[in-house]
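J.:
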Amino acid sequence: MRGSILPGGIIKNSETQEFSFDRVFHQNTTQEEIFEELAHLIQSALDGYHVCVFAYGQTSSGKTYTMQGEPSREREGMIPRSIKLIFETKKEMEALGWSYDIRASFLEIYNENVRDMLAVDTRRPLEIRFNEGRGTTVSNLTIVPVSTAEELTDYMFKAQEKRSIAVTNFNEHSSRSHAVAKIYIEARYKDEIFYGSVSLVDLAGSESAKFANSERLTETKNINKSLSCLGNVMLALHKKESHIPFRDSKLTYLLQSSLGGNSKCLMIVHISPTQDCFNESINSLRFANQVKTVKLASSKNRVVK
Numbered sequence: 001m002r003g004s005i006l007p008g009g010i011i012k013n014s015e016t017q018e019f020s021f022d023r024v025f026h027q028n029t030t031q032e033e034i035f036e037e038l039a040h041l042i043q044s045a046l047d048g049y050h051v052c053v054f055a056y057g058q059t060s061s062g063k064t065y066t067m068q069g070e071p072s073r074e075r076e077g078m079i080p081r082s083i084k085l086i087f088e089t090k091k092e093m094e095a096l097g098w099s100y101d102i103r104a105s106f107l108e109i110y111n112e113n114v115r116d117m118l119a120v121d122t123r124r125p126l127e128i129r130f131n132e133g134r135g136t137t138v139s140n141l142t143i144v145p146v147s148t149a150e151e152l153t154d155y156m157f158k159a160q161e162k163r164s165i166a167v168t169n170f171n172e173h174s175s176r177s178h179a180v181a182k183i184y185i186e187a188r189y190k191d192e193i194f195y196g197s198v199s200l201v202d203l204a205g206s207e208s209a210k211f212a213n214s215e216r217l218t219e220t221k222n223i224n225k226s227l228s229c230l231g232n233v234m235l236a237l238h239k240k241e242s243h244i245p246f247r248d249s250k251l252t253y254l255l256q257s258s259l260g261g262n263s264k265c266l267m268i269v270h271i272s273p274t275q276d277c278f279n280e281s282i283n284s285l286r287f288a289n290q291v292k293t294v295k296l297a298s299s300k301n302r303v304v305k
């Protein structure tokens, strides 16, 4: 990546900046190849681990395609593929004497309001609560029991249809909210119970406010503020500071259990190949570079009867 920083945050195309990451995918990488990188994380949720997968990047960089994909089998995103893997693994483990209860919820954070995407009235804001014992919870959030991959996928599509989208300068179908699909897994074997979960987070796209029209300006400011708060949390975690500013935004407050507690996390950072998006791409790469330095601890959530 070529560019140098000038005063005021402007980046000039001249010098080379280097970044290194765990994996780099090109624009022709298949959905299956990407899913291979996180499949082991998804499976670990059935063993009692909490797992969180993020899609981060500017608007129109491919986050929603990566997470939700398209109806064809080859283009299915990380969420439907995760659902299939969970139920395939569940069937294999049940043959060995395990039993499972699986539930799911879908929510979005739009203009700093938490909305239940499975509720009849999605406009009613919900409250986030946190305590050391239960972690992060959302009051009155719809959590549905599911018994098949098809049933859970149907709920995913229903939630997807209610998501807040709008036309922007860079995207005709820009997601204007952070969307969180969460799958809760209770596994039982003999006298042991394991509690795992998978949170699949499609973050709203970062975008310069100067490109937003008047109707979208408030949305853009709220999106950028919450993403900035996410960056501040990551920086504080990296520095091992005593105070982590989780409560500065609804997004970071909601993800407190994933980012600051007992969880396995993976972030897929997207950048656009177009020259017009150069500055945003550099910012995304910097953010990714910071995130990869954060070390989280994870352990099985097990109860013995």
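Numbering follows full-length UniProt numbering, with no gaps: position 94 of the sequence shown is 94.
All residues carry an ideal CB built from backbone N, CA and C; glycine is no exception.
Since we're looking at a predicted model, the values are computed, not measured.
Can you tell me the Cα-Cα spacing of Thr59 and Leu217, whole angstroms?
T.: The count along the sequence shown starts at 1 and reaches residue 59 at position 59. The count along the sequence shown starts at 1 and reaches residue 217 at position 217. Each residue's Cα considered, the two are about 14 angstroms apart.
J.: For Lys90, which option in Asn262, Val201, Ser147, Ala119 has the closest C-alpha, if you only look at C-alpha atoms?
T.: Position 90 of the sequence shown, counted from the first residue, corresponds to residue 90. Lys90 has its Cα closest to that of Ser147, out of Asn262, Val201, Ser147, Ala119.
J.: Answer yes or no: do residue 370 and Asn301 have a C-beta to C-beta separation smaller than 8 angstroms?
T.: It is not possible to answer for residue 370, since the shown part of the chain is limited to 1 through 305.
J.: Can you tell me the Cα-Cα spacing of Thr30 and Ser139, whole angstroms?
T.: Position 30 of the sequence shown holds residue 30. Position 139 of the sequence shown holds residue 139. Taking the straight line from one Cα to the other gives about 38 angstroms.
J.: Tell me the residue span of the beta strand (DSSP E) that contains Ser284.
T.: Here residue 284 refers to the residue found at position 284 when the sequence shown is read from its first residue. Taken as a continuous stretch (DSSP letters only), Ser284 belongs to no beta strand (DSSP E), being part of the alpha helix (DSSP H) at 278–291.
J.: First and last residue of the beta strand (DSSP E) that includes Lys182?
T.: Taking the first residue of the sequence shown as position 1, residue 182 is located at position 182. Where Lys182 is concerned, the enclosing beta strand (DSSP E) stretches over 178–189.
J.: Whose CA, out of Arg81, Lys63, Val120, lies closest to the CA of Gln27?
T.: The residue given as residue 27 occupies position 27 in the sequence shown. That would be Lys63, whose Cα lies nearest to the Cα of Gln27.
J.: Buried or exposed: which applies to Val304, given that a residue is buried once 16 or more other Cβ atoms fall within 10 Å of its Cβ?
T.: Numbered from 1 along the sequence shown, position 304 holds the residue referred to as residue 304. That one is exposed.
J.: Out of Thr66, Ser258, Leu285, Thr16, which has the shortest C-alpha to C-alpha gap to Lys295?
T.: Walking along the sequence shown from the start, residue 295 turns up at place 295. The candidate whose alpha carbon is nearest that of Lys295 is Ser258.
J.: Can you tell me which of the three DSSP states Thr16 falls into?
T.: Residue 16 sits at position 16 when you count from the first residue of the sequence shown. In the structure shown, Thr16 sits in a strand (DSSP, three-state: E or B).
J.: Near Leu200, what residues of its chain come up, given a Cβ to Cβ distance below 7 angstroms and the 5 sequence neighbours on each side ignored?
T.: Counted from its first residue, the sequence shown places residue 200 at position 200. Here the set comprises Val53, Met67, Met78, Ile79, Ser82, Ala181.
J.: Counting C-beta neighbours from all protein chains within 10 Å, is the total for His50 16 or more, i.e. buried, or is it exposed?
T.: As a working mapping, residue 50 is identified with position 50 in the sequence shown. With 16 or more Cβ atoms within 10 Å of its Cβ, His50 is classed as buried.
J.: By alpha-carbon positions, which one of Thr142, Ile128, Glu112, Arg115 ends up nearest to Ile183?
T.: Numbered from 1 along the sequence shown, position 183 holds the residue referred to as residue 183. Ile183 has its Cα closest to that of Thr142, out of Thr142, Ile128, Glu112, Arg115.
J.: For Ile42, which of helix, strand or coil comes out of DSSP?
T.: Stepping through the sequence shown from its first residue, residue 42 is reached at position 42. Residue state, collapsed to three classes: helix.
J.: Would you mind giving the Cβ-Cβ distance between Ala45 and Gly196, rounded to the nearest angstrom? I have them listed as a contact below 8 angstroms.
T.: In the sequence shown, residue 45 corresponds to position 45, counting from 1. In the sequence shown, residue 196 corresponds to position 196, counting from 1. About 4 angstroms separates the two Cβ atoms, so the contact holds.
J.: Measuring CB to CB, does Phe204 end up less than 8 angstroms from His178?
T.: Along the sequence shown, read from residue 1 onward, the residue named residue 204 stands at position 204. Along the sequence shown, read from residue 1 onward, the residue named residue 178 stands at position 178. For the record, residue 204 in the displayed sequence is Ala; it is not Phe. Yes, Cβ-Cβ distance for Ala204 and His178 is below 8 angstroms.
J.: Kindly indicate which residue of Ile244, Cys229, Gly260 has the alpha-carbon position closest to the one of Ala236.
T.: As a working note, residue 236 is residue 236 in the sequence shown. Comparing Cα positions, the closest option is Ile244.
J.: For Ser82, name the three-state secondary structure that DSSP assigns.
T.: Start at 1 with the first residue of the sequence shown, and residue 82 comes out as number 82. Of the three classes helix, strand and coil, the one that applies to Ser82 here is helix, per DSSP.
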